[in-house]
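Let me begin by presenting the structure, written as structure tokens, before commenting on it.
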Amino acid sequence: MSIRRFLRKRHPGPSTDYFLPDLSAGQRTPWNKALAVVFTNHFLSSELQWDGIRDPKIISDAFLVHLKTVKRHYEEQNGFGPSQRQLDTKKNTARRNRRRALLKCRCNGCLAHEDLIQYHDVIKACDLDAMSGDEEEARNGKVRHVVTRLSWRSADFNKRQS
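Numbering (this note's numbering), first residue to last: 213 to 374.
Here is the structure:
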């Protein structure tokens, strides 16, 4: 309510006594920018130190970036976070991107070594699923890193990789 009134210039905005972030949108809303000014002024007027940094822009920007974390924690604690499906999609996208980068790295590696140039076209023709990658696996609430072993690889190759 105060945020809407602030936007219509009917509320003075945040203060040290009314220090409440706007978590309904991104961290750089007009309200949050005003809140960052309040924080920065209070920080600079106090004896607080942050690696000796006294630049108002750096302090304000760090505060606004931190609001993203505050918002994520708030959403997680109140059940507003992303759905499991959204989390899975994000994780799968990241996994595909890692494999894409790995394929590109291997193609570039072939071009960089004269003994491997002959294999460049073969590796370039590979599908992303042909790239083994580091994957995460959750068991009993603990996440661990797993290096995948592809079924089409020879058993001898997999032994050498262990």
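C-beta: ideal position from N, C-alpha, C; glycine also.
Cβ separation of residue i and residue j, assumed to be a contact under 8 Å, to the nearest whole Å
i: A248; j: F231; result: In fact, because the Cβ distance is near 11 Å, the residues do not count as touching under 8 Å.
i: A246; j: P233; result: Not quite, the Cβ-Cβ distance comes to about 11 Å (not below 8 Å), so this is no contact.
i: R311; j: M343; result: 4 Å
Among the options, the one whose alpha carbon lies nearest that of residue i
i: L340; options: I270, D234, A313 and A237; result: A313
i: G229; options: L235, K316 and F251; result: Strictly speaking, residue 229 in this sequence is Asp, with Gly absent from that position. It is F251 whose Cα lies nearest to the Cα of D229.
i: R318; options: D327, E326, R297 and H332; result: H332
i: K280; options: P294, L235 and S272; result: L235
Buried or exposed (CB count within 10 angstroms, at least 16 for buried), residue i
i: T305; result: exposed
i: W243; result: buried
i: Q330; result: exposed
i: Q239; result: buried
i: T241; result: buried
i: K302; result: exposed
i: S257; result: exposed
i: I215; result: buried
i: S272; result: buried
i: K269; result: exposed
i: K283; result: buried
Residue interval of the alpha helix (DSSP H) (run including residue i)
i: K221; result: Taken as a continuous stretch (DSSP letters only), K221 belongs to no alpha helix (DSSP H), as it is neither H nor E.
i: P294; result: Premise fails: P294 is in no alpha helix (DSSP H) and is neither H nor E.
i: W243; result: P242 to S257
i: L339; result: Going by the sequence as given, residue 339 is Asp instead of Leu. Looking at the DSSP string, D339 is not in any alpha helix (DSSP H), and its letter there is neither H nor E.
Rounded C-alpha distance that separates residue i from residue j
i: D368; j: G291; result: 48 Å
i: D263; j: F255; result: 13 Å
i: E259; j: D300; result: 45 Å
i: A174; j: N253; result: Nothing about residue 174 can be reported from this structure: the residues present for the chain run from 213 to 374 only.
i: I265; j: Y286; result: 28 Å
i: G321; j: L315; result: 10 Å
i: R220; j: R307; result: 45 Å
i: N309; j: Q261; result: 39 Å
i: P294; j: F218; result: 29 Å
i: V277; j: P224; result: 24 Å
i: K211; j: L323; result: In the structure displayed, the chain extends from 213 to 374; residue 211 sits before or after that span and is not available.
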